[in-house]
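In order, the protein sequence lines correspond to chains L and F.
Start counting the first sequence at 471; every next residue gets the next number (my numbering).
Start counting the second sequence at 15; every next residue gets the next number (my numbering).
Cβ coordinates follow ideal geometry from the N, Cα and C atoms, glycine included.
Shown next, in structure tokens, is the structure this report addresses.
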Amino acid sequence: MAGLRFSVMNIVTRAPTVLEQLARNVIASSGSPDAGKAIEGFVTQTDRDVAFQLESCVHCGQCADACHFYLVTHDPRYTPVYKLRPMLRAYQSESSPFAKARKWLGLATEVSSAELTEWSKLLYDSCNLCGRCTLACPMGIDIAGLVRRAREGMSVAGFAPADLYKAAERALDSGSPVGIGWPTLKRQIEIQEEETGVKVPVDVQGADYLVIVSSIEIAAFPENIGAMARIFDQAKLSWTIPSAGFEATNVGIQIGSRDISAALVSRIVDVAVRLKVKYVISPECGHAYTALRWEGPNLLGQAYPFKVVQIAELLDQLFQEGRLRMRGKDQRRLTFHDPCQLVRRGGIRQAPRRLMNAVSEQFIDMPSSGEANFCCGGGGGVSAIHRAEKLRFAAFECKKEQVAATGAEALVTACANCRNVLEDAIEEHGMTLQVLGLTEMVAQYLEPDPLTTSR
Amino acid sequence: MTPMNLLEFVRGPAFWFSLFVLVAGSVWRVIGIYRLGNKPDLSEPRSTRWLSGALHGILWRMTPRKEFRGNVKLGVINGYIYHIGLAAIAFGYLPHILFIKRLTGLAWSPLPELLFYFAAGFTGIALLTVLLERITDPVMRLLSGFDDYFSWFVVFLPLLTGMGAMTGWASQTSQSDARIYQGPLAIHLLSVELLFLWLPFGKLGHAFLVFFSRTITGIALERKGAAL
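Written out as structure tokens, the structure reads:
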């Protein structure tokens with residue numbers, strides 16, 4: 471344990487400046503796209519597991535029929551595995567077992583700058599990293615995981631969308647991809663404290679749970695903070711929210727940069743270590759969970775000295791332990807949208823359903839729900855790419871059909887970004903459907919605390 | 015070169031050479047990929063049932079998930095037909111069994127003749143259909159290149175040449191007839207050797223790579239507790 475503590479201190483005290491510099495180098499590349507650097511990036515990313523998968527494709531095209539971008543446009547270029555072409559070619563020419571033979575035979579072809587500029591739209595605008603293609607591939611290729619790797623090559627060489635570089639720069643500068651700082655969060659906390667009558671503990675050292683939030687929650691759904699406060703208060707949870715390192719979203723995962731991701735994750739790890747918490751709660755944000763829970767330790771090169779728990783998992787645990795007293799249920803017909811990074815890429819399927827059944831009288835699952843559900847269209851950074859907006863709204867058609875099949879009067883989800891994207895798309899498609907947050911729903915049907923009520 | 019000489023050549027040095035390339039090329043490809051290495055995953059696993067993940071990955075991907083069954087391409091159905099058909103032909107036809115027995119000493123009962131003819135017929139039709147789909151389907155056409163078409167060719171060719179040689183085998187009644195059909199048989203063996211020579215280098219390598227790919231993804235999803 472002493473060794474672990476020592477290495478954690480290394481992350482906290484030494485690494486951040488190095489990580490920040492590496493991250494800023496990636497952003498600096500946006501001004502001068504370089505195909506050579508992209509090829510180098512693709513090759514670096516093609517390790518054993520990636521290579522076995524790239525080499526296994528039989529070009530059956532099954533992944534196309536799993537991808538909403540293809541299904542709504544029927545444009546074959548949106549076939550998920552086709553998006554990996556530049557990476558595959560770079561690998562085949564540079565590091566595959568027959569790379570030298572290819573070069574000798576004159577079969578190795580260079581990936582050009584123009585090609586990568588074109589592929590930027592395929593690898594970013596038309597991929598949510600949702601992993602539905604992975605689920606459909608008969609060869610067991612994790613196509614979404616490979617797209618994530620391919621983005622590494624693109625981002626380090628200046629071929630990622632400008633909107634994502636800007637968001638990454640804002641995140642490094644201010645801590646938030648949209649520039650939200652502590653004063654804004656502090657104000658929202660104060661408002662929520664007033665509305666709920668529950669004190670939000672800030673920077674409490676030794677608390678069991680550290681709550682981090684996403685900028686979208688702070689800006690658009692601050693009630694989530696109040697909801698968590700009410701729930702944790704009733705469950706008598708020892709928790710705190712940090713005044714620095716509170717941002718859960720990680721644009722590094724979306725742009726596909728280990729360096730940016732590591733710099734952002736290290737801020738959370740830093741505060742978690744400083745406050746000596748046992749758990750960090752990943753909030754209602756799909757990719758934040760992927761960043762912190764699955765990629766974080768690998769980005770920093772060390773296991774965490776704390777555990778990461780997703781908010782839906784924690785609420786489910788508290789509910790099952792009888793620490794939440796529920797009263798009443800929503801009478802409307804409700805359905806649940808599974809955030810892809812939680813269900814398909816994160817393995818969280820049952821927890822939200824148990825919670826939905828606890829708060830809803832008429833919960834109905836969509837056809838192909840859970841692992842095979844369609845993405846909202848905004849995941850993987852697509853919602854932050856302005857030029858992709860039209861395509862994203864078009865892709866929503868698949869989700870729309872799934873929702874319509876349930877006849878639901880409201881849609882519940884466990885990701886603030888999904889919620890935001892769904893609300894936009896619903897409006898764009900002329901639908902009238904309320905979108906709700908799962909944590910808020912749970913808080914809404916909590917039995918009121920007598921002390922809180924009397925305040 | 016007389017048919018007899020040709021047959022001796024393709025049964026002898028040419029066959030052993032193609033078999034050597036098949037094995038050495040496949041091993042080279044796997045080792046070459048393996049040597050690229052991997053960093054260990056440091057995230058806390060939700061499940062450590064690696065073997066279960068690997069086996070599920072391998073077995074469950076043999077059929078599409080129910081959610082995707084509605085719009086599978088013709089190639090998927092055809093895939094089952096020609097994979098099973100090719101296996102039946104390669105290992106269920108008496109002359110093939112005798113050939114394998116001559117090399118390894120191993121033998122087993124052949125398929126009933128009628129079943130074999132059905133397998134050959136269906137496999138031929140399935141392979142032609144899959145080529146047609148690859149040419150006409152916009153997605154498959156975009157994904158396809160030389161490797162796809164040449165791989166199809168080297169799989170179809172032994173079937174075609176085999177039919178020629180099979181006719182000879184079936185109607186062979188005397189020693190002199192056997193001499194007549196030595197030519198078609200040699201050509202058939204040559205086409206099989208071409209398949210052996212190509213298999214390790216192109217997409218036909220999926221014959222062994224698929225197990226790696228499915229295992230890797232199976233374990234990765236299992237450790238996250240996600241569906242396979």
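Local Cβ density within 10 Å of residue i, reported as buried at 16 or more and exposed below that
i                     : result
residue 51 (chain F)  : exposed
residue 795 (chain L) : exposed
residue 649 (chain L) : exposed
residue 500 (chain L) : buried
residue 163 (chain F) : exposed
residue 540 (chain L) : buried
residue 781 (chain L) : buried
residue 904 (chain L) : exposed
residue 127 (chain F) : exposed
residue 843 (chain L) : buried
residue 488 (chain L) : exposed
residue 805 (chain L) : buried
residue 18 (chain F)  : exposed
residue 30 (chain F)  : exposed
Distance between residue j and residue i (C-alpha atoms, nearest Å)
i                     : j                     : result
residue 491 (chain L) : residue 746 (chain L) : 27 Å
residue 600 (chain L) : residue 871 (chain L) : 18 Å
residue 690 (chain L) : residue 887 (chain L) : 10 Å
residue 728 (chain L) : residue 239 (chain F) : 24 Å
residue 62 (chain F)  : residue 589 (chain L) : 37 Å
residue 130 (chain F) : residue 866 (chain L) : 49 Å
residue 895 (chain L) : residue 863 (chain L) : 6 Å
residue 882 (chain L) : residue 906 (chain L) : 5 Å
residue 792 (chain L) : residue 219 (chain F) : 54 Å
residue 519 (chain L) : residue 568 (chain L) : 17 Å
residue 575 (chain L) : residue 773 (chain L) : 45 Å
residue 75 (chain F)  : residue 93 (chain F)  : 13 Å
residue 807 (chain L) : residue 614 (chain L) : 20 Å
residue 241 (chain F) : residue 48 (chain F)  : 26 Å
residue 167 (chain F) : residue 100 (chain F) : 14 Å
residue 633 (chain L) : residue 515 (chain L) : 23 Å
Collapsed DSSP secondary structure at residue i in the structure displayed
i                     : result
residue 682 (chain L) : coil
residue 675 (chain L) : coil
residue 135 (chain F) : helix
residue 585 (chain L) : helix
residue 29 (chain F)  : helix
residue 906 (chain L) : strand
residue 749 (chain L) : strand
residue 819 (chain L) : coil
residue 206 (chain F) : helix
residue 122 (chain F) : coil
residue 484 (chain L) : For residue 484 (chain L), the predicted structure reports a pLDDT of 45, less than 50, and the residue's modelled location is therefore unreliable. A value from the coordinates is still provided. Note: residue 484 (chain L) maps to helix in three-state DSSP.
residue 50 (chain F)  : coil
residue 162 (chain F) : helix
residue 642 (chain L) : helix
residue 779 (chain L) : strand
residue 899 (chain L) : coil
residue 891 (chain L) : helix
residue 711 (chain L) : strand
residue 859 (chain L) : helix
residue 225 (chain F) : helix
Limits of the unbroken beta strand (DSSP E) element including residue i
i                     : result
residue 793 (chain L) : Note, residue 793 (chain L): premise wrong, no beta strand (DSSP E); not H, not E.
residue 881 (chain L) : 880 to 883
Proximity below 8 Å, CB of residue i to CB of residue j
i                     : j                     : result
residue 216 (chain F) : residue 158 (chain F) : no
residue 912 (chain L) : residue 825 (chain L) : yes
residue 713 (chain L) : residue 673 (chain L) : yes
residue 151 (chain F) : residue 80 (chain F)  : no
residue 631 (chain L) : residue 594 (chain L) : yes
residue 623 (chain L) : residue 511 (chain L) : yes
residue 784 (chain L) : residue 738 (chain L) : no
residue 237 (chain F) : residue 27 (chain F)  : no
residue 735 (chain L) : residue 718 (chain L) : no
Opening and closing residue of the alpha helix (DSSP H) in which residue i lies
i                     : result
residue 621 (chain L) : 613 to 626
residue 89 (chain F)  : 88 to 106
residue 66 (chain F)  : 64 to 74
residue 830 (chain L) : It is not in any alpha helix (DSSP H) - residue 830 (chain L) instead sits in the beta strand (DSSP E) that spans 830 to 833.
residue 803 (chain L) : Looking at the DSSP string, residue 803 (chain L) is not in any alpha helix (DSSP H); the run it does join, the beta strand (DSSP E), is 800 to 807.
residue 77 (chain F)  : Taken as a continuous stretch (DSSP letters only), residue 77 (chain F) belongs to no alpha helix (DSSP H), as it is neither H nor E.
residue 510 (chain L) : 505 to 515
residue 664 (chain L) : 652 to 666
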